[in-house]
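Asks: My questions all concern the structure below.
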């Protein structure tokens with residue numbers, strides 16, 4: 342059975358880092374290195390879902406021996422979802438040799454999955470990309486892997502913590518449906534300092550994913566572990582997620598991946614500190630706990646509830662009435678079907694995202 346992807350806004354009863362001159366930086370790294378944090382983001386377009394897999398990203402110095410892998414990959418992102426949720430999603434933090442670089446080398450999977458506004462899924466392939474002038478150029482693809490090289494002066498300052506954002510601009514994606522499989526031209530580019538500032542001014546925020554530990558519900562703090570690194574999270578200002586303490590307790594006990602949208606992300610502290618956002622215009626709440634499993638006990642006509650069964654031997658009772666009311670369901674819920682959930686709280690009729 343193939344897993345179905347479902348996007349819902351639902352209720353829950355019971356228990357249920359510097360690329361290019363001018364990017365922001367702060368202290369970090371040693372005298373001969375620079376710490377680099379890299380994020381994925383997008384500009385929104387008319388797709389429900391655009392699944393892209395980035396296999397590797399490197400900073401390179403042509404003519405020299407300097408090279409630093411900033412995304413070892415693979416990292417799969419839903420570029421359309423990042424746009425709706427207005428996220429700069431942290432995917433890796435690493436240490437690079439300080440000095441100048443002049444190329445960004447990107448490797449990505451040739452396959453891309455599109456879901457349109459009618460929830461129809463199309464399996465397409467990347468065939469070309471748009472340069473800064475908007476002109477299409479053929480991608481070099483071999484055995485399902487495509488490579489893209491972006492040139493530009495990059496300088497990593499010794500001792501600094503620099504930030505990279507890789508932007509998938511869906512507004513400049515084009516899809517040729519006359520070909521089989523359908524062919525996609527993409528626009529993928531680094532964000533300059535002004536570009537990152539513009540994103541933040543428009544409401545985008547940095548986010549970090551990981552696993553919860555050291556939860557202290559008295560002080561509203563916990564630790565997230567992401568790719569072997571620790572991040573401190575402060576969520577005392579989050580007031581629109583009833584039962585959040587109970588949700589985080591469940592996340593810690595069951596090792597459920599948790600995402601936090603940061604109003605402020607301070608990499609000058611040890612460990613770096615994410616202060617969860619208190620308000621925002623996007624649907625995504627500040628803290629989301631993710632659980633993937635199978636559906637049972639589906640009650641569609643009346644209560645709009647089901648039981649989520651996830652490893653090992655765990656269950657959650659789910660109410661998706663709100664998602665039904667908003668017509669925000671992607672795919673079809675069926676008993677024994679696979680669904681991925683994003684939980685926002687432990688409270689009757691509380692909203693959270695189910696994907």
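Numbering (the working numbering), first residue to last: 342 to 696. Glycine included, every Cβ here is placed at the ideal spot set by N, Cα and C.
List in chain order: all unbroken alpha helix (DSSP H) runs of 4+ residues lying wholly within the segment 631–675.
Replies: List check, alpha helix (DSSP H) in window: 662–666.
Asks: Does the segment 474–493 come close enough to the segment 416–429 to have 3 or more Cβ pairs within less than 8 Å?
Replies: Not touching, per the Cβ criterion.
Asks: Just tell me which of 462, 435 and 684 has its CA closest to the CA of residue 597.
Replies: Looking up residue 597 in the chain shown gives position 256. Per the Cα distances, 684.
Asks: Where does residue 512 fall in DSSP's three states?
Replies: Reading the chain shown from its first residue, position 171 is the one you call residue 512. Three-state DSSP puts residue 512 in a helix.
Asks: In three-state DSSP terms, what is residue 598?
Replies: Within the chain shown, residue 598 is the residue found at index 257, counting from 1. Note: residue 598 maps to strand in three-state DSSP.
Asks: Measure the C-alpha to C-alpha separation of residue 679 and residue 648 and round it to an integer number of angstroms.
Replies: Taking the chain shown and counting its residues from 1, one reaches residue 679 at position 338. Taking the chain shown and counting its residues from 1, one reaches residue 648 at position 307. Distance between the alpha carbons of residue 679 and residue 648 is about 12 Å.
Asks: Under 8 Å, with one C-beta from each stretch per pair, do the segment 390–405 and the segment 435–446 reach the 3-pair mark?
Replies: Contact holds: three or more Cβ-Cβ distances are below 8 Å.
Asks: Let's test the definition: count the other Cβ atoms within 10 Å of the Cβ of residue 498 and tell me whether it reaches 16, buried, or not, exposed.
Replies: By 1-based counting over the chain shown, the position of residue 498 is 157. Exposed, since its Cβ has fewer than 16 Cβ neighbours within 10 Å.
Asks: Determine the contact status of residue 602 and residue 548, defining contact as a CB-CB distance below 8 Å.
Replies: To locate residue 602, count along the chain shown from 1; it is residue 261. To locate residue 548, count along the chain shown from 1; it is residue 207. Yes. Within cutoff.
Asks: Can you tell me which of 420, 470 and 485 puts its alpha carbon nearest to the alpha carbon of residue 451?
Replies: Stepping through the chain shown from its first residue, residue 451 is reached at position 110. Ranking 420, 470 and 485 by Cα distance to residue 451 puts 485 first.
Asks: I need the straight-line Cα distance from residue 492 to residue 672, nearest angstrom please.
Replies: The sequence position of residue 492 within the chain shown is 151, counting from 1. The sequence position of residue 672 within the chain shown is 331, counting from 1. When rounded, the distance between both Cα atoms is 40 Å.
Asks: How is residue 699 classed by DSSP in three states: helix, strand or coil?
Replies: Absent from the model: residue 699. The displayed extent of the chain is 342 to 696, so no value can be given.
Asks: Any chance you could list the beta strand (DSSP E) runs of at least 3 consecutive residues sitting entirely within the segment 456–527, in chain order?
Replies: As far as the segment 456–527 is concerned, its whole beta strand (DSSP E) runs of at least 3 residues are 462–471, 477–479, 481–483, 486–497, 501–510, 515–517 and 523–527.
Asks: Using CA coordinates, which residue listed in 509, 510 and 495 is at the minimum distance from residue 703?
Replies: Given that the chain is displayed from residue 342 to residue 696, the structure contains no residue 703 and the question cannot be resolved.
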